[in-house]
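Letter by letter, the sequence shown follows residues -26 to -1, 1 to 408 of mature numbering (1 follows the signal peptide of the UniProt record, and there is no 0).
Where is the CB? At the ideal position from N, CA and C, for every residue including glycine.
None of these values were measured; they are calculated from a predicted model.
Working notes, structure below.
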Amino acid sequence: MKLKFNLLLVATVATICQISQLPAQAESTQIDRLVSQHSLASTLVEKKSLGAADKLPTAKDLIAQSRSKTRKTNIRRKPIKKQGITGTTTQNTTTPQSQTPTTLPAKGQTQVLVSDIIIKTPTGALAPELESKVRQVLTVKPGQPTTREQLEQNLNAIKALGAFSAVEIVPEDTSKGVRLSFLVTPYGGLRQVQIRTLPANSTSVIKQADIDSIFGNQYGKPLNAVELQAAIKQLNEFYQKQGYNLAQVVDVQELNADGTLTLVIAEGLIEDVQVRFINKEGSLVDDKKEPIRGNTRPFIVTREAELKPGKIFNRATAEKDLRRIFGLGIFDDVRISFAPGTDPAKVILQLNVLERKTSSVLFGAGISSTSGLFGSGNYSQLNVGGNAQKLGADLQIGSRGDNLYDLNFSDPWIATDPNRTSYNVNIFQRRSYS
């Protein structure tokens, strides 16, 4: 019996040495990792915003939808990443209540006998209701052996509760085994959630009242990272419903001593609007890999768009812009895409247009009782000088000297006139009958 006790004590001391080599404090920085810290350019633009562009209808789709309205109207909770004892990142995809007790460690793992388990804060006792929640998720038990792997699992289970900003295990050798002290640091009380937009000088499209309506039920209570994450998801969905498809919470700052929590949001501020010409396959280059050059001047397209540099991208506004640009009558299709801006918190809005054939020439001949034999010709150009101006000419020459002509020119918008002034010029000679 004495031999068995000595062997157990040796194994206990050896494993205490292993546990002691772990970080002195394995902090749970859940709030910092609720939202991955990244720039709008590297992630939002490349992934989310491009996905948003895929979901945006093209101008042809919008026109088709509007024509069929009389028949039929057509109208994201990531698991919190946890940091284990070893500092590696692991994922906990089950709720603490659904976790099953860890089985005995695999052969070859060093085991220690657990003599006692203590749960407390660094400054003293833990509130009874919180201590109860912690004990419910622990699979390590007094009087049973445990391993390093099982301790990691228990740490992650405690972190998954979302109630603690830091979790630490302090082992202590005793004659009966190892006493494990779980030191947990509860979050402070949440008084208010506020937002800070990127870039810093931009004006948010969301009101504080909307923020309070989403997070208000958490005010006056200790912060819980799990509940906070659910509310952040709800906030992102709120932006989506309002049409701000590029808006996203990109960072969560530390809870202030006064109970204020700040969310950093990139709402999709437009840095520039670019016009690009594509072919029927949607490519920007031709068969010779040369960029496709259009006939239309870029400002003719951008002046039709309400979305300008300095504005927040909105889906409903983008759809209206697509309809207006398509309505010029010089494009077969108009599509939207995005690119990262020079400022990582901004995006470049790209208007991809497919030009149509805008000129035509027709000739004809005939006979009538008034003109006798006659010949006619017609010329039409819908995009004069790339300015969306229209020029038309009709000429008819008859054998009886009855010549008719009609020359017309129209400009739908004089340059960048804010009043959108247009004009028409018409010179003609026609025959009328009474």
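So, at 6 Å on beta carbons, what are the nonlocal neighbours of glycine 349 in its own chain, with the 5 sequence-adjacent residues on each side left out?
Here the question's residue 349 lines up with position 375 in the sequence shown. These residues qualify, in order along the chain: Ala339 and Ile371.
Can you find the residues in the same chain that come closer than 6 Å, C-beta to C-beta, to threonine 32, ignoring five residues on each side of it along the sequence?
As a working note, residue 32 is residue 58 in the sequence shown. For threonine 32, where only same-chain residues beyond five positions count, the Cβ hits under 6 Å are Asp307 and Arg309.
Simplified DSSP state of arginine 153, which is helix, strand or coil:
Stepping through the sequence shown from its first residue, residue 153 is reached at position 179. Looking at arginine 153 - three-state DSSP - the assignment turns out to be strand.
Hey, would you say the C-beta of alanine 99 is under 7 Å away from at least one heavy atom of the ligand NAD?
In terms of ligand content, the structure shown is empty, and the ligand NAD therefore cannot be addressed.
Leaving out five residues on either side along the sequence, give the residues of the same chain with a beta carbon under 6 Å from the beta carbon of asparagine 400.
Here residue 400 is taken as the residue at index 426 of the sequence shown, counted from 1. Asn382.
When we look at the beta-carbon of tyrosine 397 and count the other beta-carbons within 10 Å, is it buried (16 or more) or exposed?
Against the sequence shown, residue 397 aligns to sequence position 423. Tyrosine 397 is exposed by the Cβ-count criterion.
How close, in whole Å, do the beta carbons of leucine 235 and valine 167 come, if the pair is a contact with beta carbons under 8 Å?
As a working note, residue 235 is residue 261 in the sequence shown. As a working note, residue 167 is residue 193 in the sequence shown. The pair is a contact, with the Cβ atoms about 5 Å apart (cut-off 8 Å).
Three or more C-beta pairs under 8 Å: does that hold for the region 99 to 116 against the region 125 to 132?
yes
I'd like the span of the beta strand (DSSP E) that includes threonine 148, first residue to last.
To locate residue 148, count along the sequence shown from 1; it is residue 174. It spans 138 to 148 - the beta strand (DSSP E) in which threonine 148 sits, taken as one unbroken run.
Can you say whether glycine 136 is buried or exposed, counting buried as having 16 or more other CB atoms within 10 angstroms of its CB?
On the sequence shown, position 162 is the one that residue 136 refers to. That one is buried.
At 3 residues or longer, and completely inside the region 277 to 360: list those beta strand (DSSP E) runs for me, N to C.
305 to 314, 320 to 329, 333 to 342 and 346 to 358
Going by Cα to Cα distance, which pick from Glu201, Ser178 and Val358 is closest to phenylalanine 189?
The residue labelled residue 189 in the question sits at position 215 within the sequence shown. Among Glu201, Ser178 and Val358, the Cα nearest to that of phenylalanine 189 belongs to Glu201.
The alpha helix (DSSP H) that contains valine 114, what's its start and end?
Along the sequence shown, one-based indexing puts residue 114 at 140. For valine 114, there is no enclosing alpha helix (DSSP H), since its DSSP letter is neither H nor E.
Integer Cβ distance of isoleucine 92 from valine 108, believed to fall under 8 Å
Taking the sequence shown and counting its residues from 1, one reaches residue 92 at position 118. Taking the sequence shown and counting its residues from 1, one reaches residue 108 at position 134. Not quite, the Cβ-Cβ distance comes to about 11 Å (not below 8 Å), so this is no contact.
Residue burial classification, threonine 288 (beta-carbon count within 10 angstroms, cutoff 16)
Sequence index remark: in the sequence shown, residue 288 carries index 314 (1-based). A small correction: the amino acid at residue 288 is asparagine; threonine does not occupy that position in the sequence shown. By the neighbour-count rule (16 or more Cβ atoms within 10 Å), asparagine 288 is buried.
Can you tell me the Cα-Cα spacing of residue 427 and glutamine 203, whole angstroms?
Examination of residue 427 is not possible in this model, given that the chain is present from -26 through 408 alone.
Residues in the same chain with beta-carbon distance under 8 Å from threonine 390, minus the five sequence neighbours each way, listed in chain order, please.
On the sequence shown, residue 390 is found 416 positions in, with the first residue counted as 1. Here the set comprises Phe273 and Arg277.
Would you kindly check if the distance between the Cβ of alanine 292 and the Cβ of isoleucine 30 is under 8 Å?
One-based indexing of the sequence shown puts residue 30 at position 56. One-based indexing of the sequence shown puts residue 292 at position 318. Sequence inspection shows leucine at residue 30; the isoleucine mentioned does not correspond to that position. Cβ distance < 8 Å, so leucine 30 and alanine 292 count as in contact.
The beta strand (DSSP E) that contains glutamine 166, what's its start and end?
Here residue 166 refers to the residue found at position 192 of the sequence shown. 166 to 172 is the span of the beta strand (DSSP E), which, as asked, contains glutamine 166.
Cα-Cα separation, glutamate 211 to tyrosine 218
In the sequence shown, counting from the first residue as 1, residue 211 sits at position 237. In the sequence shown, counting from the first residue as 1, residue 218 sits at position 244. About 10 Å.
Limits of the unbroken beta strand (DSSP E) element including serine 89:
Position 115 of the sequence shown holds residue 89. Element bounds for serine 89: 86 to 94.
Considering only residues of the same chain and omitting the five flanking positions on each side of leucine 258, which have a CB-CB separation below 7 Å?
Within the sequence shown, residue 258 is the residue found at index 284, counting from 1. Result list for leucine 258: Arg250, Ile252, Pro265 and Ile266, in chain order.
Measure from the alpha carbon of alanine 205 to the alpha carbon of each residue in Gln216, Asp186 and Gly194, then state which is nearest.
The residue labelled residue 205 in the question sits at position 231 within the sequence shown. Ranking the options by Cα distance to alanine 205, first place goes to Asp186.
When DSSP builds the beta bridges, which residues end up paired with glycine 163?
Within the sequence shown, residue 163 is the residue found at index 189, counting from 1. According to DSSP, which records beta bridges pairwise, glycine 163 is partnered with Pro196.
Going straight from the alpha carbon of glutamine 118 to that of valine 226, what length do you get?
Taking the sequence shown and counting its residues from 1, one reaches residue 118 at position 144. Taking the sequence shown and counting its residues from 1, one reaches residue 226 at position 252. Cα-Cα distance, rounded: 40 Å.
Since glutamine 363 and aspartate 385 should fall inside the 8 Å C-beta cutoff, what is the C-beta to C-beta distance between them, to a whole number of angstroms?
Sequence index remark: in the sequence shown, residue 363 carries index 389 (1-based). Sequence index remark: in the sequence shown, residue 385 carries index 411 (1-based). With 8 Å as the limit, glutamine 363 and aspartate 385 qualify as a contact, their Cβ atoms being about 5 Å apart.
Can you round the beta-carbon distance between serine 345 and aspartate 376 to whole angstroms, since I take them to be within the 8 Å contact cut?
Translated into the one-based positions of the sequence shown, residue 345 becomes position 371. Translated into the one-based positions of the sequence shown, residue 376 becomes position 402. With a Cβ gap of about 5 Å, serine 345 and aspartate 376 count as contacting.
How is the alpha helix (DSSP H) around glutamine 127 delimited, first residue to last?
As a first step, residue 127 is located in the sequence shown; it is residue number 153 there, counting from the start. Residue range 122 to 133 is occupied by the alpha helix (DSSP H) that includes glutamine 127.
In the DSSP output, which residue or residues are listed as bridge partners for lysine 364?
For the purposes of this step, residue 364 is identified with residue 390 of the sequence shown, where counting begins at 1. Beta-bridge pairing links lysine 364 to Ser384.
Taking its Cβ as the centre, do 16 or more other Cβ atoms sit within 10 Å of tyrosine 213, making it buried, or is it exposed?
Position 239 of the sequence shown, counting from 1, holds the residue named residue 213. With 16 or more Cβ atoms within 10 Å of its Cβ, tyrosine 213 is classed as buried.
To the nearest angstrom, report how far apart asparagine 357 and threonine 177 are at their CA atoms.
As a first step, residue 357 is located in the sequence shown; it is residue number 383 there, counting from the start. As a first step, residue 177 is located in the sequence shown; it is residue number 203 there, counting from the start. In a straight line, the C-alpha of asparagine 357 is about 38 Å away from that of threonine 177.
Would you call glycine 303 buried or exposed, if buried means 16 or more other Cβ atoms sit within 10 Å of its Cβ?
Locating residue 303 in the sequence shown gives position 329, where the first residue counts as 1. Its Cβ having fewer than 16 others within 10 Å, glycine 303 is exposed.
If you follow the alpha helix (DSSP H) that alanine 183 is in, where does it begin and where does it stop?
Position 209 of the sequence shown, counted from the first residue, corresponds to residue 183. Taken as a continuous stretch (DSSP letters only), the alpha helix (DSSP H) holding alanine 183 covers 182 to 189.
For glutamate 241 and isoleucine 322, believed in contact at Cβ under 8 Å, the rounded distance
Taking the sequence shown and counting its residues from 1, one reaches residue 322 at position 348. Taking the sequence shown and counting its residues from 1, one reaches residue 241 at position 267. That pair is no contact at about 15 Å.
Return helix, strand or coil for glutamate 245, following the three-state DSSP convention.
Residue 245 sits at position 271 when you count from the first residue of the sequence shown. Strand at glutamate 245.
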